[in-house]
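Order-wise, the sequence lines are chains A and B.
So the first sequence is numbered by my numbering: it starts at 1 and just counts up by one.
So the second sequence is numbered by my numbering: it starts at 1001 and just counts up by one.
In this text, a Cβ means the ideal position worked out from N, Cα and C, and glycines have one as well.
Since we're looking at a predicted model, the values are computed, not measured.
Inspection log for the structure reproduced underneath, given as structure tokens.
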Amino acid sequence: QVQLVQSGAEVKEPGASVKVPCKASGYTFTDYYLHWIRQAPGEGLEWVGWINPKNGGTNYAQNFQGRVSMTRDTSSSTAYLELSGLRSDDTAIYYCARDSFKAAVTLIVPERFDPWGQGTLVTVSS
Amino acid sequence: DIQMAQSPSSLSASVGDRVTITCRASQNIRTYLNWYQQKPGKAPKLLVYAASTLQSGVPSGFSGGGSGTDFTLTIRSLQPEDFATYYCQQSYSTPPTFGGGTKVEIK
């Protein structure tokens, strides 16, 4: 079955960077867009951006411009989210989620997120 | 960005109750609206897309409706496994945005 598996929790100091992996299985990795969405403790959901695993194209939310980088390794079917200049308000669970939109076509607006990875808790604390 | 407002933010209900959650968009989004269910400690799960299409495997007791700016998610007869937080999300324009969530608790 289609599955996205994420790594365990990370603890980082303010100003550091974190790189979170998301390994896909059960489908052809390069066929669908992947998104990153975060959820601060007890809060709602915030879209971070997307990556096209086929060509590496990305689109980032305005709030994260300049601090975020999304990459992928097609040989291991793994997408990565890297966030730099970490602040305490970056403490959140970071989810990867697959779009239903095919990567062969340019994505203008995400369609829907399904499935989701189990999430990676990133804690920023000194 | 399109703002999504859900109401109520929480509700208490009993098993067997009919429950309706409302989501309002800040502008016309036609039927570009998805609903997710999130249980404690778990990732969100897609329930309904395009306002009223049930995702494969989702029980038929769930239904979605609405268009334009006003949408609903209805649970026909609340089951013990339905106690969770529900989020709406617009897929009309980028960035995709979510409602603040509705927590459905046991009365």
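For residue i, which option in the options has the closest C-alpha, if you only look at C-alpha atoms?
{"i": "Arg87(A)", "options": "Ala16(A), Asp114(A), Glu10(A), Gln6(A)", "result": "Ala16(A)"}
{"i": "Ser1018(B)", "options": "Gly1101(B), Leu1073(B), Gln1089(B)", "result": "A quick correction: the sequence has Arg, not Ser, at residue 1018(B). The option with the nearest alpha carbon to Arg1018(B) is Leu1073(B)."}
{"i": "Arg1076(B)", "options": "Thr1085(B), Gly1068(B), Pro1059(B)", "result": "Pro1059(B)"}
{"i": "Leu4(A)", "options": "Ser125(A), Pro14(A), Gly119(A), Ser126(A)", "result": "Gly119(A)"}
{"i": "Val55(A)", "options": "Val18(A), Tyr32(A), Gly26(A)", "result": "Before going further, note that residue 55(A) is Asn rather than Val in the sequence given. Answer by Cα proximity: Tyr32(A)."}
{"i": "Asp89(A)", "options": "Gln1(A), Lys12(A), Val109(A)", "result": "Lys12(A)"}
{"i": "Thr123(A)", "options": "Gln6(A), Val18(A), Val2(A), Gln1(A)", "result": "Val18(A)"}
{"i": "Glu82(A)", "options": "Gly66(A), Ser76(A), Ser75(A)", "result": "Gly66(A)"}
{"i": "Gln6(A)", "options": "Ser126(A), Pro115(A), Lys102(A)", "result": "Pro115(A)"}
{"i": "Gly1068(B)", "options": "Gly1061(B), Ser1052(B), Glu1081(B), Phe1083(B)", "result": "Ser1052(B)"}
{"i": "Leu1046(B)", "options": "Gln1003(B), Ile1002(B), Gly1061(B), Tyr1086(B)", "result": "Tyr1086(B)"}
{"i": "Thr74(A)", "options": "Thr106(A), Phe113(A), Glu111(A), Thr28(A)", "result": "Thr28(A)"}
{"i": "Leu34(A)", "options": "Ala40(A), Pro41(A), Gly57(A), Pro14(A)", "result": "Gly57(A)"}
{"i": "Tyr1022(B)", "options": "Gly1041(B), Gln1003(B), Phe1062(B), Phe1071(B)", "result": "Correcting the residue identity first, residue 1022(B) is Thr in this sequence and not Tyr. It is Phe1071(B)."}
{"i": "Ser77(A)", "options": "Cys22(A), Pro110(A), Gln1(A)", "result": "Cys22(A)"}
{"i": "Phe1083(B)", "options": "Ser1093(B), Tyr1036(B), Gly1099(B), Ser1091(B)", "result": "Tyr1036(B)"}
{"i": "Ser1048(B)", "options": "Lys1042(B), Gly1041(B), Ser1056(B)", "result": "Note on residue identity: the sequence assigns Val, not Ser, to residue 1048(B). When each option's Cα is compared against that of Val1048(B), the closest is Ser1056(B)."}
{"i": "Phe1062(B)", "options": "Lys1103(B), Phe1098(B), Thr1020(B)", "result": "Thr1020(B)"}
{"i": "Thr30(A)", "options": "Pro110(A), Val105(A), Val109(A), Gly117(A)", "result": "Val105(A)"}
{"i": "Asp1001(B)", "options": "Gly42(A), Lys102(A), Val20(A), Gln62(A)", "result": "Gln62(A)"}
{"i": "Gln1003(B)", "options": "Lys1039(B), Val1104(B), Thr1097(B), Glu1081(B)", "result": "Thr1097(B)"}
At 8 Å on the CB atoms, spell out the chain A contacts of residue i, in chain order.
{"i": "Asn1034(B)", "result": "Arg112, Phe113"}
{"i": "Ser1091(B)", "result": "Val109, Pro110, Glu111, Arg112"}
Kindly list, in the order they appear in chain B, the residues whose Cβ is closer than 9 Å to that of residue i.
{"i": "Tyr95(A)", "result": "Ala1043, Pro1044"}
Along chain A, in chain order, which residues have C-beta atoms closer than 7 Å to that of residue i?
{"i": "Phe1098(B)", "result": "Gly44, Leu45"}
{"i": "Gly1101(B)", "result": "Gly44"}
Just to confirm, is the Cβ distance from residue i to residue j under 9 Å?
{"i": "Gly1101(B)", "j": "Ser1012(B)", "result": "no"}
{"i": "Ala1005(B)", "j": "Leu1033(B)", "result": "no"}
{"i": "Pro1095(B)", "j": "Trp47(A)", "result": "yes"}
{"i": "Pro53(A)", "j": "Ala9(A)", "result": "no"}
{"i": "Phe131(A)", "j": "Gly44(A)", "result": "Chain A is shown from 1 up to 126; residue 131(A) falls before or after that span and cannot be answered."}
{"i": "Ser100(A)", "j": "Ser84(A)", "result": "no"}
{"i": "Gly1064(B)", "j": "Leu1054(B)", "result": "yes"}
{"i": "Ile51(A)", "j": "Arg72(A)", "result": "yes"}
{"i": "Ser126(A)", "j": "Thr91(A)", "result": "no"}
{"i": "Gln1027(B)", "j": "Arg112(A)", "result": "no"}
{"i": "Val2(A)", "j": "Ser1091(B)", "result": "no"}
{"i": "Ser1007(B)", "j": "Arg1030(B)", "result": "no"}
{"i": "Tyr60(A)", "j": "Val20(A)", "result": "no"}
So residue i contacts chain B; which residues on that side make the cut at Cβ distance below 7 Å?
{"i": "Gln118(A)", "result": "Ala1043"}
{"i": "Ala61(A)", "result": "Pro1095"}
Applying a beta-carbon distance threshold of less than 9 Å, which residues of chain A neighbour residue i?
{"i": "Tyr1087(B)", "result": "Gly44, Leu45"}
Could you tell me whether any Cβ in chain C is nearer than 9 Å to the Cβ of residue i?
{"i": "Ser76(A)", "result": "As a matter of chain content, chain C is missing from the structure shown, whose protein chains are A and B."}
For the ligand PLP, is there a heavy atom less than 8 Å away from the beta-carbon of residue i?
{"i": "Val109(A)", "result": "For the ligand PLP, the structure offers nothing, since it holds no ligand at all."}
### Task
Give a yes or no on contact between the segment 87 to 103 of chain A and the segment 1007 to 1016 of chain B, applying the rule of three or more CB pairs nearer than 8 Å.
At 8 Å Cβ cutoff, the stretches do not touch.
### Query
Residues in the segment 1045 to 1076 of chain B with C-beta within 9 Å of chain A's C-beta atoms, listed in sequence order?
Identification of residues in the segment 1045 to 1076 of chain B having a C-beta nearer than 9 Å to some C-beta of chain A yields Lys1045, Leu1046, Tyr1049, Ala1050, Gln1055, given in sequence order.
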